[in-house]
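To start, the structure under review is shown below, and the notes come after it.
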Amino acid sequence: MINSTEELEVGQKAPDFTLTDASGNQRTLSELRGTPVIVYFYPAAFTPGCTTEACDFRDNLGSFQGAGYTVLGISPDPVSRLAEFAEAEQLSFPLLSDEDSAVAKEWGAWGQKTVNGRTFDGLIRTTAVVDADGVISSVEYNVNPEGHVARLRDALLK
5 MINSTEELEV
15 GQKAPDFTLT
25 DASGNQRTLS
35 ELRGTPVIVY
45 FYPAAFTPGC
55 TTEACDFRDN
65 LGSFQGAGYT
75 VLGISPDPVS
85 RLAEFAEAEQ
95 LSFPLLSDED
105 SAVAKEWGAW
115 GQKTVNGRTF
125 DGLIRTTAVV
135 DADGVISSVE
145 YNVNPEGHVA
155 RLRDALLK
C-alpha cells in the first residue's frame with residue numbers, strides 16, 4: 005500500500021492541530037503537552053472495524069487514563085455524525101472531526117488503499133503515541149482493528 009502523504013517517524017515532533025470534537029468544542033494537541041496522548045485515525049464512524057476499535061478504546065480507557073494517557077480519535081466524519089457515534093457507543097473520549105482530512109494527510113494517515121477490490125485514496129487506520137513533550141514515541145500505520153487496542157495497552161502499560 006502506498007501512502008500519498010509522508011509517514012511520521014518515532015522521534016519527530018508531532019504536528020499540532022486544532023479540530024472540533026463531537027460536542028462542538030475545539031481541541032488542540034499542543035494544549036495537552038505534559039500528558040502523553042494516543043491519537044488514532046479511523047476511516048468512518050459506525051463501520052464494523054471502526055466501531056470495534058472505538059469500543060476497545062472505550063473498554064480500556066480506564067487503564068490508559070490510569071497510566072496518564074489521553075485518547076483522541078480522529079476521522080473525516082462531520083461533528084454531527086461523531087456525536088451520534090459517541091452517544092450510540094457510549095464513547096467518553098474525544099472524537100475529532102477532520103472533514104477535509106488535512107490533519108490525516110499531515111500525519112501520514114492518508115493514501116492509496118484497496119477495499120473490496122476497489123482502490124482509492126482514503127484515510128489509513130493509524131495510531132500514534134505522542135509523549136508528554138509532544139514527540140512521537142510510537143506510530144503504526146495500516147492498523148488491524150481486531151486486537152489492536154489490547155496490543156497497544158500491553159506495549160504501553162508494561
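When you read off a place in the sequence shown, starting at 1, and then add 4, the result is the number in my numbering.
We treat Cβ as the ideally placed atom computed from N, Cα and C, and that holds for glycine.
The structure displayed is predicted, hence computed values, not measured ones.
Q: With leucine 127 as the anchor, note down where its beta strand (DSSP E) starts and where it stops.
A: 122-127 is the extent of the beta strand (DSSP E) around leucine 127.
Q) Do leucine 33 and valine 143 come within 7 Å of each other at the CB atom, strictly closer than that value? A) Cβ distance not < 7 Å, so valine 143 and leucine 33 don't count as in contact.
Q. Residue range of the alpha helix (DSSP H) that proline 85 falls in?
A. The sequence shown places arginine at residue 85, rather than the proline named in the question. In this chain, the alpha helix (DSSP H) harbouring arginine 85 covers 83-93.
Q. Taking just the CA atoms, how far does glycine 121 sit from isoleucine 42?
A. Distance from the CA of isoleucine 42 to the CA of glycine 121, rounded to the nearest whole angstrom, comes to 31 Å.
Q.
Within the continuous beta strand (DSSP E) that includes alanine 2, where are the two ends?
A. Absent from the model: residue 2. The displayed extent of the chain is 5 to 162, so no value can be given.
Q) In chain order, what residues of the same chain have a beta carbon less than 7 Å from the beta carbon of glycine 15, not counting five sequence neighbours either side? A) For glycine 15, where only same-chain residues beyond five positions count, the Cβ hits under 7 Å are Val139, Ile140.
Q) Is the segment 64-71 close to the segment 99-110, with three or more CB pairs under 8 Å? A) Counting Cβ pairs under 8 Å, fewer than three are found: no touch.
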